[in-house]
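Residue numbers (my numbering), protein chains in the order written: chain A, 1 to 248; chain B, 1 to 539.
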């Protein structure tokens, strides 16, 4: 158990000592409080590129926490009424995206990317955008508002590199031997909620099943060989452009 | 009909006598009431009521719900006195309700100072009562007395400076003519205290500094001026042994929490239990669970008292499930350490020396890179009330099992009113769960664990998917009530741990269950989300 934990923290977050829980907390706070100005990629404010660890006023953990809490007078950066440890989780998230961003940016042709998404890529067999496509995989209608180009690109090349907790597939075996597979939506001590491969919303009693396990291998194939680098860049650009419903 | 009405009124009159201290001392003789935070002075959270049994618990049904107008966590355990329930709507509004119907008799609103600052929620855990007077601590560090008949304030005593982080969040403890409280604020570099006040007017009767000053014993465990910001907070209610006239309190972490470099030494009386003379506040004995703590292992848990047989001899025992992951048995007359056994995964210590001091594992300290420690920062357990059943002889703990944190230290300067942590523990458990539970395996899980105090061995476990902040109630019919963050409230067989009944209350349970009886009907009450729920058997 200890070894597994260190391995996860070490591989995903490199030299930083934040845990996946911190990053998850921080991402939620970032998207709720910061992304409207800074964008999910953290590069919307001139001079600041949060995804690459470039800040205008400070770069230490403590300095960033202070900036989040107190804001920057004379700029559009407001103070935030958060406990210090929660502000620190935002720093954890910023550090983690700086660690994983690499140089991937959305430099392709989004229109071509859409054609690949809907055609050669067969992406709609599992994914859905704007009411079209399958619900078996994650709905990508807002993927550009929540995931960065580098993360999307990595998912295309290596779908198993990072599967978000909310995108995990489970396999249940009933006491009668029947198998149910689907994407886990929720769970508690007594029940499990999932959407199965036929797009049915199922709520099942744990007591009716003899096995419950996460599927180790993502159902998504790698597109490293299926698409050329240019096609992949186009696809990434299309996905980054998906920001969900634009509120008038 | 008139005669019957008169009879009923006279019954009400006769049972509506004032709550004398003698009644509180012998609360087990009137189990239809719930007169203190933990039920009795022994703090076992065990009820003698026996109407609800393993055979009929499946017939429990919702009787009434009271919805608080507060979005804060509902952590209070209500009191019930002769058919009237008193509870707190967070942060500090007091409400009196008909315990049979949930209808409100009166409500009193309190607006805390804007200066109030609390680390972990604007919460309150309950009230105390004596005579016709209710007592409540507030998050801006006032102790307030209210008339139980109408909610009118009788006196208001400022205990500490809220702008420096002092607050009161626990239910006070009554001992004779004194009301005893301690201050919270361990994350703000406070200097903690436990103090007793005259129930009539709030005049201070005695004070015990949980961080001893230069003229007090224990000060030698501090160096330089570190004691001035040494922490040592209190946020759950202590216990009282009338034969020994001792009151027992668990004390919180030293400040700063996660970096002990600025405070060399054991840092008494942080992470300790102290036994104080209830008349004078003088220290009779102390035991420190986690000397020189750097893991935020507050010993702010309920001191559970039980008179038992230990190795063939009678023992006035204290049972203690500590946040540091160990279950302790202590002689509560002398403070002698008798045993300590892990009830969850523990990697910061490897046993005890002959004096009961934990032996540390080298290298298991916070570091700049982060050090993985079991249990994690929220502990193997926490303020959630445990329960001891004198019938089963088992001790029941709400645990976070398989749970760890990565402890990262840094240097903090003390600034009044700012958090003074000295680091950041990184937890795999999200601070707040979204509507869906995508729990990951490295988070660990919540569980009720039943421990045999004689051996420290686990008898059974009831496992949840999410973690738990729920307390535990056991009954004279060997039922166990508890819940968790998933929002289930459930009844288990206290002897086997098997599930007998459950209800989904839709909001996280962050309070301890209690039981009372009105009109011959036994109720079980629990807070979940922002509401208080009561259950009784279907008529």
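Ideal placement from N, C-alpha and C gives every residue a C-beta, glycine not left out. Given the structure is predicted, the values throughout are model-derived calculations rather than measurements.
Query                                                                                                                               : Result
Inter-stretch contact at 8 Å, needing at least 3 Cβ pairs: the segment 527-538 of chain B / the segment 63-72 of chain B            : yes
Chain A within 8 Å of residue 436 of chain B, Cβ atoms only                                                                         : yes
Nonlocal neighbours in the same chain, by C-beta distance under 7 Å from residue 266 of chain B, ignoring five residues either side : 221, 288, 291 and 292
Residue ranges of each alpha helix (DSSP H) within the segment 453-500 of chain B, 4 or longer                                      : none
8 Å Cβ cut-off: residues of chain A touching residue 464 of chain B                                                                 : 188 and 189
Nearest candidate by alpha-carbon position, reference residue 506 of chain B, set B:500, B:485, B:495 and B:517                     : B:485
Any C-beta of chain E under 8 Å from that of residue 89 of chain B                                                                  : Going by chain labels, chain E is absent from the structure shown, which instead holds the protein chains A and B.
Any C-beta of chain A under 8 Å from that of residue 531 of chain B                                                                 : no
Close Cβ partners of residue 351 of chain B (< 8 Å) along its chain, the five nearest in sequence each way excluded                 : 358 and 359
Where the segment 155-167 of chain A meets chain B: residues whose CB sits under 7 Å from a CB there                                : 165 and 166
Residue-level contact to chain A via CB, residue 414 of chain B, 8 Å cutoff                                                         : no
Cβ of residue 22 of chain A within 8 Å of any chain B Cβ                                                                            : yes
Per-residue contacts from residue 486 of chain B into chain A (C-beta, under 7 Å)                                                   : 188 and 189
Under 8 Å (Cβ pairs) to chain B, residues found in the segment 81-98 of chain A                                                     : 83, 84, 85, 86, 88, 89 and 92
Within 8 Å of chain B by C-beta, residues of the segment 24-40 of chain A in sequence order                                         : 24, 25 and 28
Min CB distance residue 213 of chain A to chain B below 8 Å                                                                         : no
C-alpha gap between residue 468 of chain B and residue 229 of chain A, whole angstroms                                              : 48 Å
Positions along the segment 51-85 of chain B whose CB lies within less than 8 Å of some CB in chain A                               : none
Local Cβ density within 10 Å of residue 404 of chain B, reported as buried at 16 or more and exposed below that                     : buried
CB contact below 8 Å: residue 216 of chain A versus chain B                                                                         : no
8 Å Cβ cutoff met for residue 43 of chain A and residue 51 of chain A                                                               : yes
Cα-Cα separation between residue 152 of chain B and residue 108 of chain B, rounded to whole angstroms                              : 7 Å
Test: residue 184 of chain A CB closer than 8 Å to a CB of chain B                                                                  : yes
Identified DSSP bridge partners for residue 34 of chain B                                                                           : B:80
Counted within 10 angstroms of its Cβ, other Cβ atoms place residue 111 of chain B as buried (16 or more) or exposed                : exposed
Residue interval of the alpha helix (DSSP H) (run including residue 197 of chain B)                                                 : Segment 193-198 is the beta strand (DSSP E) holding residue 197 of chain B; no alpha helix (DSSP H) there.
C-alpha gap between residue 159 of chain A and residue 219 of chain A, whole angstroms                                              : 8 Å
Where residue 145 of chain A meets chain B, residues with beta-carbon distance less than 8 Å                                        : Chain B residues near residue 145 of chain A: none, gap ~16 Å exceeds 8 Å.
Contact residues within the segment 420-431 of chain B, judged by C-beta distance below 9 Å to chain A                              : 421, 424, 425, 426, 427, 428, 429, 430 and 431
8 Å Cβ shell around residue 134 of chain A - same chain, five flanking residues per side excluded                                   : 124, 125, 126, 127, 128 and 199
Residue interval of the alpha helix (DSSP H) (run including residue 157 of chain A)                                                 : 149-157
Endpoints, alpha helix (DSSP H) assigned at residue 169 of chain A                                                                  : Residue 169 of chain A -> not in any alpha helix (DSSP H); beta strand (DSSP E) instead, spanning 169-174.
Pairwise C-alpha distance: residue 510 of chain B and residue 204 of chain A                                                        : 26 Å
Cβ-based burial, residue 354 of chain B [other Cβ within 10 Å; buried from 16]                                                      : exposed
Buried/exposed call for residue 239 of chain B, threshold 16 Cβ in 10 Å                                                             : buried
Whole-angstrom C-beta distance between residue 25 of chain A and residue 428 of chain B, which should lie under 8 Å                 : That belief does not hold up - the Cβ atoms of residue 428 of chain B and residue 25 of chain A are roughly 10 Å apart, past 8 Å.
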